[in-house]
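See below for the structure under consideration.
In the UniProt record's numbering, the protein residues as written are 1 to 294.
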């Protein structure tokens, strides 16, 4: 749509299920449809980000939102200072849903339903050579849980990019593996409070990344140091002054993914196939992007 064309909006009320706060969403006067608005400043880095997001969203407008499980983008406009992106209104994200349910582990039958839909979204993105790079519970939205239980859509393409050799689709598969584990554990696998903390948790469970990956990664020097010749091997740097005594925030401190595999089958209705798939996602840390989500 023309970014300078301002759609007519009127404020409407929208309750999101019993027991949750009522909030107001704008309504498109032309159709009466409730919409969600994302506002992004046009200045500096934000301006480049919104241009990139808008370009990808316009490509996604041609996609069947229901079959692909990708949020439906409606239109955009700008007032000079900010760009406004209009989307269909969805109910709540999976983190909010988990919080509402006291972070209880989600039954595997529901996780399977959610995972299949996110994978459908990733397949469609792959067809368009797009990687999301920010898959997490906050970016997976329940559409209408009362009417369509665990029907979800993928949102927020602010960090998305065109697939290339550096930014590989493994970034999204890694993140999906972390999300699936988090939904079933009721707690993140790697709940770091900053990037170093996150890397520390990942290394304690998976071991150090491959030498080749560490040599190629942009942020290696921030978290690792190379042992002097002749070994040339890497080791995790000790925590900085801001983390003299790192706090253990993991609910389940697995020292290897094999422990996760042994633990999971004891949980009701957890098929071995799901365990193997999640472990497969997590055994290969992604090249490029940010592997620290967990």
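Yeah, the Cβ is synthetic: ideal placement off N, Cα and C, and Gly gets one too.
Note that this is a predicted model, so its numbers are computed, not measured.
**Prompt:** Does the beta-carbon of residue 104 have 16 or more other beta-carbons within 10 angstroms, so that it is buried, or is it exposed?
**Reply:** With fewer than 16 Cβ atoms within 10 Å of its Cβ, residue 104 is classed as exposed.
**Request:** State whether the stretch 94 to 113 contacts the stretch 38 to 56, with contact taken as three or more CB pairs (one from each stretch) at a distance under 8 angstroms.
**Result:** Remark: fewer than three beta-carbon pairs, one from each stretch, lie closer than 8 angstroms, so the stretch 94 to 113 and the stretch 38 to 56 are not flagged as touching.
**Inter-residue CB distance, residue 142 and residue 98 (contact presumed, cutoff 8 angstroms)** = Actually they are not in contact, since the Cβ atoms of residue 142 and residue 98 sit about 11 angstroms apart, beyond 8 angstroms.
**Message:** For a test of the three-state rule: what should DSSP assign to residue 223, helix, strand or coil?
**Reply:** Correct three-state label for residue 223: helix.
**Request:** Find out if the Cβ-Cβ distance for the pair residue 160, residue 130 is shorter than 9 angstroms.
**Result:** Note that the C-beta distance between residue 160 and residue 130 is below 9 angstroms.
**Request:** For the alpha helix (DSSP H) containing residue 204, list its first residue and its last residue.
**Result:** 195 to 206 is the extent of the alpha helix (DSSP H) around residue 204.
**Request:** Could you round the C-beta distance between residue 185 and residue 251 to whole angstroms and report it? I think they count as a contact, below 8 angstroms.
**Result:** Contact holds; Cβ gap of about 7 angstroms.
**Asked** What number of angstroms, rounded off, separates the C-alpha of residue 239 from the C-alpha of residue 37?
**Response** Computed Cα separation, rounded: 40 angstroms.
**Prompt:** Would DSSP call residue 76 helix, strand or coil?
**Reply:** Three-state DSSP puts residue 76 in a strand.
**Asked** Is residue 117 near residue 168, with beta carbons less than 9 angstroms apart?
**Response** No, the Cβ-Cβ distance between residue 117 and residue 168 is not below 9 angstroms.
**Item:** Residue range of the unbroken beta strand (DSSP E) whose run includes residue 63
**Value:** Per DSSP, residue 63 lies in no beta strand (DSSP E) segment and is marked neither H nor E.
**Request:** Would you list, in sequence order, the uninterrupted beta strand (DSSP E) runs of no fewer than 3 residues that lie entirely inside the stretch 110 to 142?
**Result:** Those beta strand (DSSP E) runs which fall completely within the stretch 110 to 142 and span 3+ residues are 140 to 142.
**Prompt:** Comparing alpha-carbon positions, which option in 258, 123, 90 lies nearest residue 147?
**Reply:** Considering only 258, 123, 90, the residue with the shortest C-alpha distance to residue 147 is 90.
**Per-residue burial, residue 198 [other beta carbons within 10 Å of its own, 16 or more giving buried]** = Flag for residue 198 reads buried.
**Item:** Pair within 9 angstroms by beta-carbon distance, residue 220 and residue 171
**Value:** Residue 171 sits away from residue 220, with the two beta carbons spaced by 9 angstroms or more.
**Item:** Candidates 150, 233, 193: closest to residue 107 by CA position
**Value:** Looking at the Cα atoms, 150 is the closest of the given residues.
**Top-ranked residue by Cα proximity to residue 351, from 162, 235, 152** = This structure gives no information on residue 351, because the portion of the chain shown stretches from 1 to 294.
**Request:** Rank 60, 51, 216 by C-alpha distance to the C-alpha of residue 125 and give the top, closest one.
**Result:** Here the closest residue by C-alpha is 60.
**Request:** Go to residue 173, then tell me how far its alpha helix (DSSP H) extends in each direction, as first and last residue.
**Result:** Bounds of the alpha helix (DSSP H) holding residue 173 are 170 to 185.
**Item:** Residue closest to residue 258, alpha-carbon to alpha-carbon, out of 227, 204, 248
**Value:** Nearest option by C-alpha distance: 204.
**Message:** Can you tell me whether residue 51 is buried or exposed? The criterion is at least 16 other CB atoms within 10 Å of its CB, across all chains shown.
**Reply:** In summary, residue 51 is exposed, with fewer than 16 beta-carbon neighbours lying within 10 Å of its beta-carbon over all protein chains present.
**Request:** Give the DSSP-derived three-state secondary structure of residue 235 in the structure shown.
**Result:** Three-state DSSP puts residue 235 in a strand.
**Straight-line Cα distance separating residue 31 from residue 222** = Computed Cα separation, rounded: 51 angstroms.
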